[in-house]
Amino acid sequence: AEDEGSEAVYALLESRDPASAELIHPNNVRRVIRALELLDEGKSYAVQHAGLHERAPWYDASIWGIAMDRERLYRRISVRVDQMLQDGLVDEVEGLVAAGFRDTLTAMQAIGYKEIVDCLEGSCTLPEATEEIKKRTRRYAKRQLSWFKRDGRVKWLDLDQMDTNGAADMIMEKEML
């Protein structure tokens, strides 16, 4: 992908497995590469993807979502990021980089790691990295909420209307029937 470009990699997937290519956006290079890797193993991304929706769930499970006022959520994210930094996020990332983990690895692109790597490389200051972590985390939380809201199986707990003990009581009441 780095040598040929994402278009060439996607074209290769289209030629080898058109059904899988239809399911994957051309810009999603990681997924395109994974689909090609599956082909090399004799498997098809499309077949595996279809199989996820055909089988019955393994467990009788409930899905609970936590809702709260957006400003409250953003404050909690800010406090959490500050706590991660106090707990040694910078030292952790320094250790990973020193151990040979490069920023091109998927795991090093995770929210928090990427920004600290940028800071260590001099691309930004620690306060700028901190704000970027908070911003990316807020965006991620927003995407998660949007994704869960589309899933009709989710039962919502409004933490603006109850505390965590009330939420736990509600789950116990609904699930222990």
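Residue 105 in this note's numbering sits at position 114 of the sequence shown, with consecutive numbering throughout.
Backbone N, C-alpha and C define an ideal beta-carbon position, used for all residues, glycine too.
Residues near residue i by beta carbon distance below 6 Å, same chain, minus five either side
i      : result
Ile54  : Arg144 and Val145
Arg127 : Ile102
Val72  : Ile124 and Lys125
Asp60  : Asp151
Own chain, CB closer than 7 Å to residue i, minus 5 neighbours either side, in chain order
i      : result
Val81  : Ile107
Met75  : Gly103
Arg129 : Tyr65 and Ile68
Leu3   : Leu27
Glu13  : none
Val88  : Val108 and Leu111
His16  : none
Expected contact under 8 Å - CB spacing of residue i and residue j to nearest Å
i      : j      : result
Leu189 : Glu85  : There is simply no residue 189 to check, as the chain begins at -8 and stops at 168 in what is shown.
Ile162 : Lys125 : Wrong, their Cβ atoms sit about 29 Å apart, outside the cutoff.
Leu150 : Ala159 : Leu150 to Ala159, Cβ: 11 Å. No contact.
Ala58  : Trp147 : 5 Å
Ala47  : Asp8   : Actually they are not in contact, since the Cβ atoms of Ala47 and Asp8 sit about 27 Å apart, beyond 8 Å.
Ser11  : Ser35  : 6 Å
Ala120 : Leu64  : The Cβ separation is near 21 Å, so there is no contact.
Gly56  : Phe139 : 5 Å
Counterpart residues of residue i in DSSP-defined beta bridges
i      : result
Val145 : Ile54
Bounding residues of the alpha helix (DSSP H) (the contiguous stretch that carries residue i)
i       : result
Arg127  : Leu117 to Lys140
Ile102  : Segment: none, Ile102 is in no alpha helix (DSSP H) and carries neither H nor E.
Glu(-5) : That residue, Glu(-5), is in no alpha helix (DSSP H); it is neither H nor E in DSSP.
Thr155  : Thr155 to Glu166
Glu85   : Leu80 to Ala89
Own chain, CB closer than 8 Å to residue i, minus 5 neighbours either side, in chain order
i      : result
Glu28  : none
Thr97  : Arg21
Glu166 : Ser53
Thr116 : Cys110
CB contact below 8 Å: residue i versus chain D
i     : result
Asp60 : Absent here is chain D; the protein component of the structure consists of one chain.
Where in the segment 48 to 77 do unbroken runs of the alpha helix (DSSP H), each at least 4 residues long, occur, reported from the N-terminal end onward?
61 to 77
Ranges of the alpha helix (DSSP H) found wholly within the segment -2 to 23, counting only runs of at least 4
9 to 14
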